[in-house]
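J.:
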Amino acid sequence: MGQQLIQDDAALRMFFTEEIYLQQEQEPVVIQAPAILPVSVPEISYKFLGKNQRQILILVQDDNEEVSSVEGRELLRNIVKAIQLTANDFALLNYSLCATSRHEELFTYFKPRIVLSFGVSTSMLGLPEKNSNELVFHEQIQMIFSANLHLLAADLNGKKALWGSLKKLEL
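Going by our numbering, the first residue of the sequence shown is number 5, and it counts up by one from there.
As structure tokens, then:
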């Protein structure tokens with residue numbers, strides 16, 4: 005503290021009408037927060053076919069085959085060819101291998117612009133209910149949910165409805 009300019013108690017009482025106490029300055033107390041250790045989150049990895057260069061995620065659901073039955077695989081080949089995609093363009097994931105994954109994990113990992121889902125319902129992914137074979141949007145991601153490829157291969161009306169929606173995709 006600096007030098008006191010006025011030494012006269014009477015003069016000081018004119019300025020200070022209440023009791024004044026001199027207090028010793030103390031060093032500030034530093035309280036350290038407990039160290040926060042980084043939590044290691046296991047990195048999610050998916051086994052998929054394709055290179056996903058155009059960020060198109062194709063989901064299939066088959067517990068017995070890598071992709072689908074012979075009929076289902078043929079249908080998928082025809083769909084991919086009709087919308088002019090190659091294996092470099094998309095990631096093909098059999099959802100039965102990662103059935104606990106929800107859309108947040110899948111979308112973070114694959115970063116899709118388009119999702120084509122065959123036999124994987126919106127509820128399985130934790131999404132609001134959507135109509136089958138219709139082009140819908142979720143956070144600017146174009147999505148079409150359809151029946152399992154094996155079942156769809158035998159469903160003429162389902163294939164027609166799917167084709168109508170596929171033509172609306174912005175590839």
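Just so you know, even glycine gets a beta-carbon here, dropped at the ideal spot from N, CA and C.
Grab the span of the alpha helix (DSSP H) containing F52 for me, first residue to last.
T.: Here F52 belongs to no alpha helix (DSSP H), and DSSP marks it neither H nor E.
J.: Short of 6 Å in beta carbon distance, which residues of its chain neighbour V71, apart from the five on each side in sequence? Order them along the chain.
T.: Closer than 6 Å at Cβ, skipping near neighbours: V64, R77.
J.: Start and end of the beta strand (DSSP E) containing N98?
T.: From DSSP, the beta strand (DSSP E) with N98 extends over 94 to 98.
J.: Whose C-beta lies closer than 6 Å to the C-beta of H107 among residues of the same chain, with five residues either side of it excluded?
T.: Around H107: L129, G130, L131.
J.: Specify, as a first and last residue, the run of the beta strand (DSSP E) that I62 falls within.
T.: Element bounds for I62: 60 to 64.
J.: Whose C-beta lies closer than 6 Å to the C-beta of V140 among residues of the same chain, with five residues either side of it excluded?
T.: Answer for V140: K134, M147, listed in chain order.
J.: Hey, could you find the ends of the beta strand (DSSP E) V140 is sitting in?
T.: Looking at the DSSP string, the run of the beta strand (DSSP E) that includes V140 is 139 to 142.
J.: Taking only three categories from DSSP, how would you classify S125?
T.: Note: S125 maps to coil in three-state DSSP.
J.: Is F149 a contact residue of the ligand PLP, with contact defined as CB to any heavy atom under 7 Å?
T.: Looking for the ligand PLP in the displayed structure turns up nothing, as the structure carries no ligands at all.
J.: I need the straight-line Cα distance from E157 to A151, nearest angstrom please.
T.: In the sequence on display, residue 157 carries Ala and not Glu. If I take the Cα positions, the gap works out to 9 Å.
J.: Could you tell me how far apart the beta carbons of F94 and R58 are, in whole angstroms, since I believe they sit closer than 8 Å?
T.: Right, the Cβ-Cβ distance comes to about 7 Å (below 8 Å), so this counts as a contact.
J.: Can you check which of these residues, L166, S100, E174, is closest to K51 by C-alpha distance?
T.: The candidate whose alpha carbon is nearest that of K51 is S100.
J.: Express the C-alpha separation of A165 and L110 in angstroms, rounding to a whole number.
T.: When rounded, the distance between both Cα atoms is 26 Å.
J.: Less than 8 Å separating the beta-carbons of L89 and L61?
T.: No, these two residues do not count as a Cβ contact at 8 Å.
J.: Between which two residues does the alpha helix (DSSP H) harbouring S169 extend?
T.: Counting along the chain, the alpha helix (DSSP H) containing S169 begins and ends at 160 to 170.
J.: From Q144 to V119, what distance separates their C-alpha atoms?
T.: If you take the alpha carbons of Q144 and V119, they lie about 11 Å apart.
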